[in-house]
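Asks:
Number of protein chains: 2
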Amino acid sequence: MTLLDQVCSIVGPGNVLTAAADQESYLEEERGLYHGAALAVVRPGSTEQVAAVVKACAEAGIPMVPQGGNTGLCGGGVPSEDGRSVVISTERLNRIRAVDAVDFTLTAEAGCVLASLQQAADDAGCLFPLSLGAEGSCRIGGNISTNAGGTNVLRYGNTRDLVLGLEVVLPDGQIWNGLKSLRKDNTGYALQHLFMGAEGTLGIVTAAVLKLFPRPADIQTALVAIPDPDAALHLLGRARRASGDAVTACELIPRIGLELGVRHVPGVRDPFDAAHPWYLLLELSSSRPGGLREALEDLLAAAFEDGLALDAVLAESGDQRLAFWRLREAIPEAQKKEGGSIKHDVAVATSKVPEMIRRCTVAVEEALSGVRVVAFGHLGDGNTHFNLTQPVDADRQAFLADWGRMNRIVHDIVVEMGGSISAEHGIGRLKVEELAHYKAAVDIDLMRRIKSAFDPRGLMNPGKVVPPLP
Amino acid sequence: MTLLDQVCSIVGPGNVLTAAADQESYLEEERGLYHGAALAVVRPGSTEQVAAVVKACAEAGIPMVPQGGNTGLCGGGVPSEDGRSVVISTERLNRIRAVDAVDFTLTAEAGCVLASLQQAADDAGCLFPLSLGAEGSCRIGGNISTNAGGTNVLRYGNTRDLVLGLEVVLPDGQIWNGLKSLRKDNTGYALQHLFMGAEGTLGIVTAAVLKLFPRPADIQTALVAIPDPDAALHLLGRARRASGDAVTACELIPRIGLELGVRHVPGVRDPFDAAHPWYLLLELSSSRPGGLREALEDLLAAAFEDGLALDAVLAESGDQRLAFWRLREAIPEAQKKEGGSIKHDVAVATSKVPEMIRRCTVAVEEALSGVRVVAFGHLGDGNTHFNLTQPVDADRQAFLADWGRMNRIVHDIVVEMGGSISAEHGIGRLKVEELAHYKAAVDIDLMRRIKSAFDPRGLMNPGKVVPPLP
Chain A
1426 MTLLDQVCSI VGPGNVLTAA ADQESYLEEE RGLYHGAALA VVRPGSTEQV
1476 AAVVKACAEA GIPMVPQGGN TGLCGGGVPS EDGRSVVIST ERLNRIRAVD
1526 AVDFTLTAEA GCVLASLQQA ADDAGCLFPL SLGAEGSCRI GGNISTNAGG
1576 TNVLRYGNTR DLVLGLEVVL PDGQIWNGLK SLRKDNTGYA LQHLFMGAEG
1626 TLGIVTAAVL KLFPRPADIQ TALVAIPDPD AALHLLGRAR RASGDAVTAC
1676 ELIPRIGLEL GVRHVPGVRD PFDAAHPWYL LLELSSSRPG GLREALEDLL
1726 AAAFEDGLAL DAVLAESGDQ RLAFWRLREA IPEAQKKEGG SIKHDVAVAT
1776 SKVPEMIRRC TVAVEEALSG VRVVAFGHLG DGNTHFNLTQ PVDADRQAFL
1826 ADWGRMNRIV HDIVVEMGGS ISAEHGIGRL KVEELAHYKA AVDIDLMRRI
1876 KSAFDPRGLM NPGKVVPPLP
Chain B
1426 MTLLDQVCSI VGPGNVLTAA ADQESYLEEE RGLYHGAALA VVRPGSTEQV
1476 AAVVKACAEA GIPMVPQGGN TGLCGGGVPS EDGRSVVIST ERLNRIRAVD
1526 AVDFTLTAEA GCVLASLQQA ADDAGCLFPL SLGAEGSCRI GGNISTNAGG
1576 TNVLRYGNTR DLVLGLEVVL PDGQIWNGLK SLRKDNTGYA LQHLFMGAEG
1626 TLGIVTAAVL KLFPRPADIQ TALVAIPDPD AALHLLGRAR RASGDAVTAC
1676 ELIPRIGLEL GVRHVPGVRD PFDAAHPWYL LLELSSSRPG GLREALEDLL
1726 AAAFEDGLAL DAVLAESGDQ RLAFWRLREA IPEAQKKEGG SIKHDVAVAT
1776 SKVPEMIRRC TVAVEEALSG VRVVAFGHLG DGNTHFNLTQ PVDADRQAFL
1826 ADWGRMNRIV HDIVVEMGGS ISAEHGIGRL KVEELAHYKA AVDIDLMRRI
1876 KSAFDPRGLM NPGKVVPPLP
């Protein structure tokens, strides 16, 4: 029996896709950076089926590529071009196994779409706080495997902080059952943290127990015009203190980000009469009813006096709140329409964000005349999407050819400042070389040792995350 | 040059303790369960000295035992009796390197006493929330290595959730520098999470960047008399929702715990006129001034109506608050004075705590007539110290001889319920066999593979955490 026959007998022939047209959407990377090839795309319907498929592939020596919603931004979920791999899609593992409002937990299979989990939590009077641009199509297994970030990290943590338990199929097909609802468990090494952020190189996440929180009853959102990112830092600290640490989003937006949004994205408009150099989208939320509005108004009144705020609008309705968020979320889309973009997903200590933006801006403008810096993002996490838009009227391809050179300039500064070259998007395939360049030898060595310990034959998502031996 | 000469040349002869009297306090386990022996106790004064000592020991093939405040409850920090090991104490690594109230971070060396970090945070207008009984003498490196829990986990997480970055000396003497202040960093495997909870078996934590939080401005504490643990669960859920998730402690106390405290511990008194079966110590705190008192009063008013609360006292002063806490903290001390205690540090899903207490109580009472169950602890984390006090007038030694049998009864039920046999105290030496008994073979195998990958010669804290091959 060939491997494909074996796999068909496990998942049924309808769930083994071999025709090019059927495979198409599984092989193309989100931004079009990679287009892989696969022996087959397999869609198991249960953890046991995943385990059986992995065991069969392992015995046949066939590389495996786990895939969730295929929304990753670093190519971690697409196979290489050689066509030797089997893609294992989790999309049929889409049952919510339990929602428990007493425990504040939700147990879900890996293929559940993030938005469906947010909805299930909401239906139970709770909040599942993970929130990011792709939430309508990304799947929780991918979120976990990449330790996804998003807009609520400041208050609720990264994905790894939202996971209580995991179930994982190991590279040899064994099932690791860590699917527990425990808030404290000090019985040995933190295996589940290894799988989170490993981008499927150590095993395939098949299910998880997630933390829920009380659903907010009071949400206050302000768009604040500010003189510079330093002011944003001070506002953030004041807001955390005044609100009982209820700042659930703190997004920095540069003038150019707003301008591009207004120019290219329908429905985006500037709520202020005058132009301001920077904006801060500040959102407070709490399940305690009342009080945040006053806290926010007091905060802003003091900020005007101290010159930290130039102008501000508070959302008076849910629609107005969404309009503020749209202004923030429109930036990547607007950049795309404005021409080529070179992207960086960097983090430094929160207090160093202003310095990082200043230094990197000077450096890239010196290196490429006319380049337009669009630095925005999750100020509260020290995470900036330091994106570059091509000079006006420049050639798009010529600009994009500078990707590596620009990356090196920005990443050199970020790393010198103790920062991260991939704050929330991961390494995947896109940043493996960059990782090898910047990580200390001892880090790379430890990663290789772990990879060998879990996957001695290197069959699980090969070529991702762990730099190959030189 | 002998190893000891070498080590003396690294740290200075005054920091190499070989006389029995000098070594004494480093060799005795907190509860007197173990008394180890050591070639020497070495006290390095810097990370570089730790690295050099480890390198020298590794080259000489000498086992090493990292030690912080030596307050662990499972023998993880004391050497074995064979006298072949070197104890490496972190006590001289006691500098606070930085406190940053803008970043909300504190950078400390491993030997800093926990209470000194709490104080440093407070001095900067911030909170470092880790809090536990031994805080006056335990050291942060030990807290990190054991992933310590304590009373604030419900709101702020376990120690691993409070750590942004780590510096670790690996078993071969290399320094792993993960000492970063990043709130997002997805560049490869979560190495720092492996070191946390590994109890020094994968390396020695030498420094850490810790998360700070806004300092509470409003603290409200209530002692609530309740009919049973189920009522506590409902109160917890309501309190989380009503307070904006500001419940920072939720401690369950049984009638017998209060009685023993009143009997044995000076200053502990029962604040109620009548006797009640159970009590809940509920604390809300927030940096947002005002509002929690009203929330708590409303909550209790509703609870009286619904029969969830039988009586309640709200702390009217800081002293009264401390008296409530003293009532809770007195339980272990009071148990000690009442006779022999057999202890369990177990966790189940929060919603299953009442069932766990019921089932375990029936089982141990059946197995040993007259045994007195004192089940108390961190209800909000699902973590119960299910402790047994000897029957009245029983022989202490005969009772303690039942330790293993009682453990088996309790742990069987807890594991069957998907729980943990060591919620916050870790494995150390005390629970290695218990771990081997209860963990799945695949878990133990993965732990051994990791241990071999990091410490192939098994020199770093041997005999702890990882069960030996049979």
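Chains A and B supply the protein sequences, listed in that same order.
Start counting the first sequence at 1426; every next residue gets the next number (this note's numbering).
Start counting the second sequence at 1426; every next residue gets the next number (this note's numbering).
Note that the Cβ used here is the ideal one computed from N, Cα and C, for glycine as well.
As the structure is a prediction and not an experimental result, all values here were calculated from the model.
Quick check: the Cα distance between residue 1453 of chain A and residue 1460 of chain A, rounded to an integer number of angstroms?
Replies: Whole-angstrom Cα-Cα distance: 5 Å.
Asks: At the 8 Å Cβ level, is residue 1639 of chain B part of the contact set with chain A, yes or no?
Replies: So yes, residue 1639 of chain B belongs to the interface.
Asks: Between the Cα of residue 1853 of chain A and those of B/1611, B/1599, B/1548, B/1540, spot the shortest distance and give me the residue it belongs to.
Replies: Comparing Cα positions, the closest option is B/1611.
Asks: Taking only runs of the alpha helix (DSSP H) that begin and end inside the stretch 1524-1585 of chain B, which ones reach a length of at least 4 residues, in chain order?
Replies: 1539-1548, 1565-1570, 1578-1581, all fully within the stretch 1524-1585 of chain B.
Asks: CB residue 1451 of chain A to CB residue 1514 of chain A, shorter than 8 Å?
Replies: It is a contact, given that the beta carbons lie within the stated cut-off.
Asks: In terms of residue numbering, what span does the beta strand (DSSP E) encompassing residue 1643 of chain A cover?
Replies: It spans 1643-1651 - the beta strand (DSSP E) in which residue 1643 of chain A sits, taken as one unbroken run.
Asks: If the cut-off is 7 Å on Cβ atoms, which residues from the stretch 1615-1630 of chain A count as contacting chain B, listed in chain order?
Replies: Correct list: 1615, 1616, 1618, 1619, 1621, 1622, 1623.
Asks: Throw me the rounded Cβ distance for the residue 1713 of chain A and residue 1716 of chain B pair, which I believe falls under 8 Å.
Replies: That belief holds up - the Cβ atoms of residue 1713 of chain A and residue 1716 of chain B are roughly 7 Å apart, short of 8 Å.
Asks: Could you say which of A/1564, A/1629, A/1531 lies nearest to residue 1549 of chain A if we only look at CA atoms?
Replies: Nearest C-alpha to residue 1549 of chain A: A/1531.
Asks: Roughly how many angstroms separate the alpha carbons of residue 1750 of chain B and residue 1547 of chain B, rounded to a whole number?
Replies: Taking the straight line joining both Cα atoms gives about 20 Å.
Asks: Pick helix, strand or coil for residue 1636 of chain A, following the three-state DSSP scheme.
Replies: Residue 1636 of chain A: strand per DSSP, three-state reduction.
Asks: How big is the Cα-Cα spacing for residue 1484 of chain A and residue 1601 of chain A?
Replies: So the alpha carbons of these two residues sit roughly 19 Å apart.
Asks: Thinking residue 1432 of chain B and residue 1465 of chain B are a contact (beta carbons under 8 Å), I'd like their distance in whole angstroms, please.
Replies: About 7 Å; that satisfies the 8 Å criterion.
Asks: Leaving out five residues before and five after residue 1679 of chain A in sequence, what residues of the same chain have Cβ atoms less than 7 Å from its Cβ?
Replies: Here the set comprises 1703, 1799, 1800, 1801.
Asks: Which residue spans inside the stretch 1469-1499 of chain B form an unbroken beta strand (DSSP E) run of at least 3?
Replies: Qualifying beta strand (DSSP E) stretches, in chain order: 1489-1492.
Asks: My output table needs one value for residue 1704 of chain A: the three-state DSSP class, helix, strand or coil.
Replies: Residue state, collapsed to three classes: strand.
Asks: Could you pull out every residue in the same chain whose Cβ sits closer than 6 Å to the Cβ of residue 1794 of chain B, ignoring the five residues on either side in sequence?
Replies: Here the set comprises nothing.
Asks: Between residue 1578 of chain A and residue 1608 of chain B, how many whole angstroms is the CB-CB distance? I'm expecting something under 8 Å.
Replies: At roughly 7 Å, the Cβ-Cβ gap stays under 8 Å, so residue 1578 of chain A and residue 1608 of chain B are in contact.
Asks: In whole angstroms, give me the CA-to-CA distance for residue 1672 of chain B and residue 1665 of chain B.
Replies: Using only the alpha carbons, I get a separation of about 6 Å.
Asks: What did DSSP end up calling residue 1801 of chain B once you bin it into helix, strand or coil?
Replies: The answer is strand: DSSP assigns residue 1801 of chain B an E or B state.
Asks: With distances taken Cα to Cα, identify the nearest neighbour of residue 1617 of chain A among A/1637, A/1638, A/1595.
Replies: Of A/1637, A/1638, A/1595, the residue nearest in Cα terms is A/1595.
Asks: Please check if any C-beta of chain A sits within less than 8 Å of the C-beta of residue 1858 of chain B.
Replies: It does not: the Cβ of residue 1858 of chain B has no partner Cβ on chain A nearer than 8 Å.
Asks: What residues from the stretch 1499-1527 of chain B come within 8 Å of chain A, judged by C-beta to C-beta, listed N to C?
Replies: Going along the stretch 1499-1527 of chain B in chain order, one finds 1525, 1526, 1527 with a Cβ nearer than 8 Å to chain A.
Asks: Kindly indicate which three-state DSSP category residue 1881 of chain B falls into: helix, strand or coil?
Replies: DSSP places residue 1881 of chain B in coil when its eight states are reduced to three.
Asks: Take the Cβ of residue 1448 of chain A as the centre, count every other Cβ of all protein chains shown within 10 Å, and call the residue buried at 16 or more, exposed below.
Replies: By the neighbour-count rule (16 or more Cβ atoms within 10 Å), residue 1448 of chain A is buried.
Asks: Would you grab the beta carbon distance between residue 1812 of chain B and residue 1766 of chain B for me? Rounded to a whole angstrom, and I think it's under 8 Å.
Replies: 5 Å between Cβ atoms; contact.
Asks: Listed from N- to C-terminal order along the chain, which residues in the stretch 1546-1578 of chain B have their beta-carbon within a distance smaller than 7 Å of any beta-carbon of chain A?
Replies: Answer in chain order: 1571, 1572, 1574, 1578.
Asks: Counting C-beta neighbours from all protein chains within 10 Å, is the total for residue 1779 of chain B 16 or more, i.e. buried, or is it exposed?
Replies: Flag for residue 1779 of chain B reads buried.
Asks: For residue 1838 of chain B, return the contacting residues in chain A, with the cut-off set at a CB-CB distance below 7 Å.
Replies: Chain A residues near residue 1838 of chain B: none, gap ~15 Å exceeds 7 Å.
Asks: According to DSSP, residue 1675 of chain B sits in a beta bridge with which residue or residues?
Replies: In DSSP, residue 1675 of chain B forms a bridge with B/1707.
Asks: Which class does residue 1631 of chain A belong to by DSSP, given the choice of helix, strand or coil?
Replies: Residue 1631 of chain A: strand per DSSP, three-state reduction.
Asks: Compare the beta carbon distance of residue 1772 of chain A and residue 1693 of chain A with 8 Å and say whether it is the shorter of the two.
Replies: It is not a contact, given that the beta carbons lie outside the stated cut-off.
Asks: Give the straight-line distance between the Cα atoms of residue 1638 of chain A and residue 1808 of chain B, rounded to the nearest whole angstrom.
Replies: For residue 1638 of chain A and residue 1808 of chain B, the distance between alpha carbons rounds to 19 Å.
Asks: At least one CB of chain A closer than 8 Å to the CB of residue 1864 of chain B: is that the case?
Replies: Cβ-Cβ to chain A under 8 Å: yes for residue 1864 of chain B.
Asks: Within 10 angstroms of its Cβ, does residue 1728 of chain B collect 16 or more other Cβ (buried), or is it exposed?
Replies: The residue in question, residue 1728 of chain B, is buried, as its Cβ has 16 or more Cβ neighbours within 10 Å.
Asks: Measure from the alpha carbon of residue 1621 of chain B to the alpha carbon of each residue in B/1535, B/1682, B/1644, B/1695, then state which is nearest.
Replies: Nearest of B/1535, B/1682, B/1644, B/1695 to residue 1621 of chain B, Cα basis: B/1535.
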